[in-house]
Structures are given as C-alpha cells and as structure tokens.
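Input: a single structure, listed below in structure tokens.
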Amino acid sequence: KRERETKRKLQHFLNDLALLGSLQGFKYFQPWLRGKEELLLTVVNEDLGCRSPGFAVSRASSRSSSSTSSSLNSSDISLLPASPSEGEIAVPEVNCTLFLLAGYIKYGRPYAWIRSNHERLVTIGGADSMVKDTPMKLKSITDWVRVWDVVSELVCLCTVPSPSNPFALDMRYVKSLPAPERFLVTGALMSFLEMYVVYGDRDELHYDK
Numbered sequence: 001k002r003e004r005e006t007k008r009k010l011q012h013f014l015n016d017l018a019l020l021g022s023l024q025g026f027k028y029f030q031p032w033l034r035g036k037e038e039l040l041l042t043v044v045n046e047d048l049g050c051r052s053p054g055f056a057v058s059r060a061s062s063r064s065s066s067s068t069s070s071s072l073n074s075s076d077i078s079l080l081p082a083s084p085s086e087g088e089i090a091v092p093e094v095n096c097t098l099f100l101l102a103g104y105i106k107y108g109r110p111y112a113w114i115r116s117n118h119e120r121l122v123t124i125g126g127a128d129s130m131v132k133d134t135p136m137k138l139k140s141i142t143d144w145v146r147v148w149d150v151v152s153e154l155v156c157l158c159t160v161p162s163p164s165n166p167f168a169l170d171m172r173y174v175k176s177l178p179a180p181e182r183f184l185v186t187g188a189l190m191s192f193l194e195m196y197v198v199y200g201d202r203d204e205l206h207y208d209k
C-alpha cells in the first residue's frame, strides 16, 4: 500500500513538472522540460530592476545556505542525477543560475540539483563532480509538496533581492508576443496561477488578500 501511495505521489509531482515546463513568461525563473522526469529551471541571480542603495539581500548572499547541500551525507552523494553536472549542455543566461528538478522513478521521490554557480549557493569543498551532483537540502523537497513550492524556495534562495512574489509575470515579454500567441500564453499562465491559489499553502500565497 505504501509503495502504491509513493508511486501516486511521484506521478502527481511529474504531472506538475510537465505543466510547469509548458509555461513561459515568469519574471524570476524560466522552466524547460527535459524528458518525462527532468525539468531545467533558470533562476535570476539579481533583479536589476530593484537596484537601490539599501536593498534587501537574498538568502544566497546573506548566509552560507545551510538549507541546501552544505552538509553532505554519504547517502546524499549517491543520489546522482541521470545527467551529471559535468555533461550539462544547457547554458544559463547571464545573471542566472541553472537548477535541475527531477522525479526519477528509480529514486521514488523528487530531488533538486544545482547545475551552475555552485560556489554562489553552497560550500562544496572543491570541484569534485560527485559533490557537485549532490542533491540540495530544501524544505520543500523534504516535505515533498507541490512543484511550485520547490520553485518558490529556489527563487527566494537565489534571487537578490528576495522577491515578495516569486511567480511575478514578465509582462514585457507577454506584451511582446503576437496576439494569438499572447492569448495562449496568458491563458496558460492564468490557469497555473489559479491552481496555485486554490491548492497552494495559504501561508505562502504571494498576493494581497
């Protein structure tokens, strides 16, 4: 019974992953679906539109991120992604960090890995590829909640200043699209955000009630 429940939860996560991977138009992150089990997530390092003399810092720059993979267990190191970091062909844009979210059947649960700028978020003690491919220690992964909770935690961890709404839309991008494509993109985003509002954690929803 427990095995069936685990498979059900994992499939639910993979469905969320597929949905998120089909979306374009977020301000702080960009998802790309890669196969049935992997999602590449590019997250903005610094919100250049918020530059001011005394802006707040993100968790990435305010501490040595003990919530990620700064403390490594041997069991974590063995949890390698299907595509190792050294062989990553995706290149993040300037001012961005690349992450890999995956729900591999062989592991039976979701995990997240840093794919670039490792030194910005964690102390890895060298360039050993095995250490670089160690999963991040995220509360959203430990709790195994919805994929948007993982994205929210990664954005708030990575982006400076830490955004009040990790799911803010890039309206300049949306408005730049041809009308037919703009309608499709807007509809898909609204559908996702509606689901987030309905099923998301009420204490974490990023909008004015």
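One point on numbering: in full-length UniProt numbering, the residue at position 80 of the sequence shown is 80, and numbering is uninterrupted.
The C-beta atom is built at its ideal place from N, Cα and C for all residues, glycine as well.
Between the alpha carbons of residue i and residue j, how many angstroms are there, rounded?
i                 : j                 : result
glycine 25        : leucine 121       : 25 Å
lysine 7          : glycine 187       : 30 Å
glycine 200       : arginine 146      : 8 Å
proline 163       : leucine 98        : 18 Å
serine 64         : phenylalanine 183 : No answer about serine 64 holds up, because its pLDDT of 38 lies below 50 and its placement is not dependable.
proline 53        : proline 161       : The predicted position of proline 53 is uncertain, since its pLDDT is 36 and thus under 50; a value taken from the coordinates is nonetheless stated next. Going by the C-alpha atoms only, they are around 12 Å apart.
glutamate 46      : lysine 27         : 11 Å
phenylalanine 167 : proline 31        : 12 Å
lysine 137        : histidine 12      : 21 Å
leucine 79        : leucine 10        : 16 Å
proline 81        : asparagine 95     : 24 Å
leucine 48        : serine 176        : 20 Å
proline 135       : proline 178       : 39 Å
isoleucine 105    : methionine 171    : 36 Å
glutamate 119     : leucine 157       : 14 Å
glutamate 5       : serine 83         : 27 Å
glutamate 194     : glutamate 181     : 20 Å
Measuring CA to CA, which of the options is closest to residue i?
i                : options                        : result
threonine 142    : Leu14, Pro110, Leu80, Val160   : Pro110
leucine 20       : Pro178, Ala112, Gly200, Phe192 : Phe192
asparagine 117   : Leu39, Lys9, Leu100            : Leu100
serine 140       : Thr134, Val151, Asp133, Lys132 : Val151
phenylalanine 29 : Asp16, Val43, Leu39            : Val43
leucine 17       : Lys9, Thr134, Leu33            : Leu33
leucine 41       : Thr159, Gly49, Leu48, Ile105   : Thr159
glutamate 93     : Arg115, Thr134, Glu194         : Arg115
So residue i and residue j are supposed to be a Cβ contact under 8 Å. How far apart are they, rounded?
i           : j           : result
leucine 14  : leucine 189 : Actually they are not in contact, since the Cβ atoms of leucine 14 and leucine 189 sit about 21 Å apart, beyond 8 Å.
residue 215 : valine 185  : As shown, the chain starts at 1 and ends at 209. That puts residue 215 outside it, with no answer to give.
Would residue i and residue j be called neighbours here (beta carbons separated by less than 8 Å)?
i              : j            : result
glycine 103    : glutamate 37 : yes
tryptophan 148 : tyrosine 196 : yes
leucine 154    : alanine 112  : yes
Closer than 7 Å to a non-hydrogen atom of the ligand FMN - does that hold for the CB of residue i?
i          : result
lysine 139 : Although the ligand FMN was asked about, the structure shown includes no ligands whatsoever.
In chain order, each alpha helix (DSSP H) run of at least 4 residues that lies wholly inside the stretch 155-192: Whole alpha helix (DSSP H) segments, 4+ residues: 171-176.
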